Every structure is written in structure tokens, then in C-alpha cells.
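Novice:
Numbering (UniProt numbering), first residue to last: 1 to 400.
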């Protein structure tokens, strides 16, 4: 089985197809591609295949987590937001966090074993005095990805005018789930890439805020609840205004802009791209979170900072036209803004403001050591920057 880079489609062999029912059942929110050949399953249709995929055991998962943490420390990461952790995987986390092998702070978002459901009996909340593991949020999924024409759009795709993408959950169910989890005290974080998905996510969050905080404004309630739009990639101008009014937090991956820039205008057209797509600078007032979406993109935060500031590919150093000007530079950030987005932004989005993302009295003893200050480096040097040391909770966890 081969995953698409964004993990929204899989391609399987004839042997796997033989394990599946014939004919294949219709799957709302999913697509089975049969032309030019069989074997490609996208979004909810992937469930048909994953039922037969062998799952790793607890020992193997533990090994994976240890290895991943060591690799992430090499890039200077002291913390991460795990955007979708099942109750079974949380059992691995809760055991491993007690050992010296746990070398990164993890803010984990609960995801039910069956995606986009309500599983309060399996749900847990985790809060440790040392802040190394926290669970107080839930991850929901509104749509697919832009590259596979799966992100849900208000208007059809420019290069596939017969489709507007796929909603993985209908509007009513999304609102019901958002409210149910909010009433359980969870921060609700919704994967939303297309402008329709973002609109419905904002609708569901707005409605939930009215109910969970009936005596205060939605904005004040959102300040306490901190609901998040994961990706917030294509947002209609009307909904950009609503984000500012409500204070909903966009969780943005700058390298998505530079990875998608080769085909984004083909999918969306120039007008929609210019007005709606890959906003960063215009969302600064709502304290956006910047990240990588690893493993979809490389985890290196300095490549993300480069993409946010230069709006060029950290892999080639070039923009969509093969030049060095940058792609839609009106949405580019300054170095200081990008650093804030990769440090204080995620801390706020994880309820760790004042503790993480800063160096100061009373904050966690997490930092990285570089060969020289970022301000003294040429911007292109960030593309291949090597961290000298990484420290977490006052302990050196990586040295070059």
C-alpha cells in the first residue's frame, strides 16, 4: 500500500482489492478512483482498506515514538502538537512519558478510534505537573486535501469543474459533535482546508460558543475555549472576517503554501487564490499557530520559518515561477512574526502561554542552541540550518 503525501489517498495492489467486497459499497465523504485503473481510495473510502491493514502492537508503537522524538529533537523541536491520537495510543504515551526516553513536550488531540465520532467513555484528559504530556483537546475532520481535489470548496475546482471536493462529515453532524465535545470541556480542533469546510467549521464553533457560554460574548468564550482551525488553508473573505470577530485560532503550515504553489492556482484560479488562500499576515491579529503538519511535510521548523518569510520552497529556494521574488508576498511574515508563530503561537493554542514558547522566569527550561543568532543569518541559510543543542525540561536531549 502506498500513501499519498498528504495521507488522504492510498493506492493498493490487486491482492488487497481481492480482500474487499465486490461491488464496493458507497462511502459518503470518500472516493474510489477506477479510471484509468482500480486501486486508489481517498478520504473516507480508505476505511475499506484500513480494516485489513495490520496494526502495530504496543511494543512497536513504543519503539516508533522513541525514535520519532529523537529525530524531532535533532531539528530543535522541544514540543509538538499531536493532531490525532487515539485512546489506545494515549496508553503508550502515558507509560512512556514516565521514562527518560520521553524527550519532547506533547500536546495531544484526542481522536476516537472511529474518526468523527463522540467517544466520551474512551476519552481521557491528561495534565502533568511537569507539562510533558497534555490532553484536553479533540480532533475532528471536515474535508480532504487540495492536491487530491478533496478539500471542500464553495465553488467548483477551476481545473475539475465537475467537483467541489468532499465533506467528510455533514454540517449538522459537525455542529453536533463540536457541541458535544465542548460540553465535555474539550478544546475542539477541526481539520478544514477548503473554504466550504472552513465555513462549516466556523459555523459549528460559533454555535457551540453560544451554548457553552450563554452569559458572555462569543469572543470572550473563545478566549477561554481556544477552538482551532487546523490548516485554515482556503477561507472565503466573509469567513476571514468571522475568524477575526470570534478570535478563532488558525493553525497554519507555511510549507503547505510553498509545496502547493505549483498547482494551487490551477485548482483555485488566480482570483480565489489571491483572496482566500494561504493567509498568514492577514491572520496575525488572531495569534495563528505555525507548524509543519509532519509527517505530511518535513518537521524542520526553520524550513517553515523560511517558507513563511520568503514564500519560497525551502527545498529549492525558488518560488512558483522559478524565481526568488516569493509567492504572494503580501501574505509573507517578518522573521520576528514567524518566530512568534512557531513558539508563542503554539503555546497559546495549547493553553501553555507564559510557560512554553518563551524564555523567562517561571517558564519551562526548554531551548535550542544555534551556531549564531537567526537575525545574523542570510534567509536562505535557514533552509539547511543545523541545530547545535536541544534542551527540554532542563535536560540536554540532543547535541550535534
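Each residue gets a CB set at the ideal place from its N, CA and C atoms; glycine is no exception.
All values derive from a computational prediction rather than experimental measurement.
(1) Please classify residue 238: does DSSP put it in a helix, a strand, or coil?
(2) Measuring alpha carbon to alpha carbon, tell me which residue in 306, 153, 296, 60 is nearest residue 382.
(3) Could you tell me whether the Cβ atoms of residue 24 and residue 2 are closer together than 8 Å?
(4) Within 10 angstroms of the Cβ of residue 19, are there 16 or more other Cβ atoms? Answer buried if so, exposed if not.
(5) Rounded to the nearest angstrom, how far is the Cβ of residue 288 from that of residue 249, given a contact under 8 Å?
(6) If distances are taken between C-alpha atoms only, which option among 45, 104, 135 comes closest to residue 89?
(7) Tell me whether residue 281 sits in a helix, a strand or coil according to DSSP, three-state version.
(8) Can you look up residue 287 in the DSSP assignment and give me helix, strand or coil?
(9) Curious, which full-length beta strand (DSSP E) runs of at least 3 residues does the stretch 187-251 contain?
(10) Have a look at residue 78 and residue 34 and give me their C-alpha separation to the nearest angstrom.
(11) If we count the other Cβ atoms within 10 Å of its Cβ and call it buried at 16 or more, is residue 189 buried or exposed?
(12) Here's the rule: buried if 16 or more other CB atoms are within 10 angstroms of the residue's CB, otherwise exposed. What is residue 160?
(13) Return the residue from the list 7, 102, 245 that minimises the CA-CA distance to residue 209.
(14) From what residue to what residue does the alpha helix (DSSP H) around residue 305 run?
(15) My assumption, with CB atoms under 8 Å, is that residue 341 sits in contact with residue 308. Please give the rounded CB distance.
(16) Please classify residue 21 as buried or exposed, where buried requires at least 16 other C-beta atoms within 10 Å of its C-beta.
(17) Which residues bound the alpha helix (DSSP H) around residue 381?
(18) Please list the segments of the beta strand (DSSP E) lying wholly inside the stretch 34-58, counting only runs of 3 or more residues, in order along the chain.
(19) In chain order, what residues of the same chain lie with their CB nearer than 6 Å to the CB of residue 139, ignoring the 5 residues before and after it?
(20) Considering residue 134, what are the terminal residues of the alpha helix (DSSP H) in which it resides?
(21) What separation, rounded to the nearest whole angstrom, lies between the Cα atoms of residue 390 and residue 148?
(22) Going along the chain, which residues of its own chain have a beta-carbon closer than 8 Å to the beta-carbon of residue 156, five neighbours each way excluded?
(23) Between which two residues does the beta strand (DSSP E) holding residue 397 run?
Specialist: On the basis of the data shown:
(1) As a first step, residue 238 must be located in the chain shown, where it is residue number 238. Three-state DSSP puts residue 238 in a helix.
(2) Indexing the chain shown from 1 puts residue 382 at position 382. Nearest option by C-alpha distance: 306.
(3) Reading the chain shown from its first residue, position 24 is the one you call residue 24. Reading the chain shown from its first residue, position 2 is the one you call residue 2. Their beta carbons are not under 8 Å apart, which means residue 24 does not touch residue 2 by this criterion.
(4) One-based indexing of the chain shown puts residue 19 at position 19. The residue is exposed, with fewer than 16 neighbouring Cβ atoms inside 10 Å.
(5) As a working mapping, residue 288 is identified with position 288 in the chain shown. As a working mapping, residue 249 is identified with position 249 in the chain shown. The pair is a contact, with the Cβ atoms about 7 Å apart (cut-off 8 Å).
(6) Your numbering for residue 89 matches position 89 in the chain shown. Comparing Cα-Cα distances from residue 89 to each of 45, 104, 135, the minimum goes to 135.
(7) By one-based count along the chain shown, residue 281 stands at place 281. DSSP places residue 281 in helix when its eight states are reduced to three.
(8) Taking the first residue of the chain shown as position 1, residue 287 is located at position 287. Here DSSP, grouped into helix, strand and coil, assigns residue 287 to coil.
(9) 187-192, 228-231
(10) As a first step, residue 78 must be located in the chain shown, where it is residue number 78. As a first step, residue 34 must be located in the chain shown, where it is residue number 34. Whole-angstrom Cα-Cα distance: 44 Å.
(11) Counting from one through the chain shown, the residue named residue 189 turns up at place 189. Buried, since its Cβ has 16 or more Cβ neighbours within 10 Å.
(12) Indexing the chain shown from 1 puts residue 160 at position 160. Under this definition residue 160 is an exposed residue.
(13) As a working mapping, residue 209 is identified with position 209 in the chain shown. Comparing Cα-Cα distances from residue 209 to each of 7, 102, 245, the minimum goes to 245.
(14) As a working mapping, residue 305 is identified with position 305 in the chain shown. Start and end: 301-310.
(15) Taking the chain shown and counting its residues from 1, one reaches residue 341 at position 341. Taking the chain shown and counting its residues from 1, one reaches residue 308 at position 308. About 7 Å separates the two Cβ atoms, so the contact holds.
(16) Translated into the one-based positions of the chain shown, residue 21 becomes position 21. Result: exposed.
(17) One-based indexing of the chain shown puts residue 381 at position 381. Looking at the DSSP string, residue 381 is not in any alpha helix (DSSP H), and its letter there is neither H nor E.
(18) 40-43, all fully within the stretch 34-58.
(19) Numbered from its first residue, the chain shown carries residue 139 at position 139. If we look at residue 139 and ignore the five residues flanking it on each side, its Cβ neighbours are 83, 84, 109, 111, 189.
(20) Here residue 134 is taken as the residue at index 134 of the chain shown, counted from 1. Premise fails: residue 134 lies in the beta strand (DSSP E), 133-141, not in any alpha helix (DSSP H).
(21) The sequence position of residue 390 within the chain shown is 390, counting from 1. The sequence position of residue 148 within the chain shown is 148, counting from 1. When rounded, the distance between both Cα atoms is 37 Å.
(22) In the chain shown, residue 156 corresponds to position 156, counting from 1. If we look at residue 156 and ignore the five residues flanking it on each side, its Cβ neighbours are 162, 163, 164.
(23) The sequence position of residue 397 within the chain shown is 397, counting from 1. Unbroken beta strand (DSSP E) run through residue 397: 395-399.
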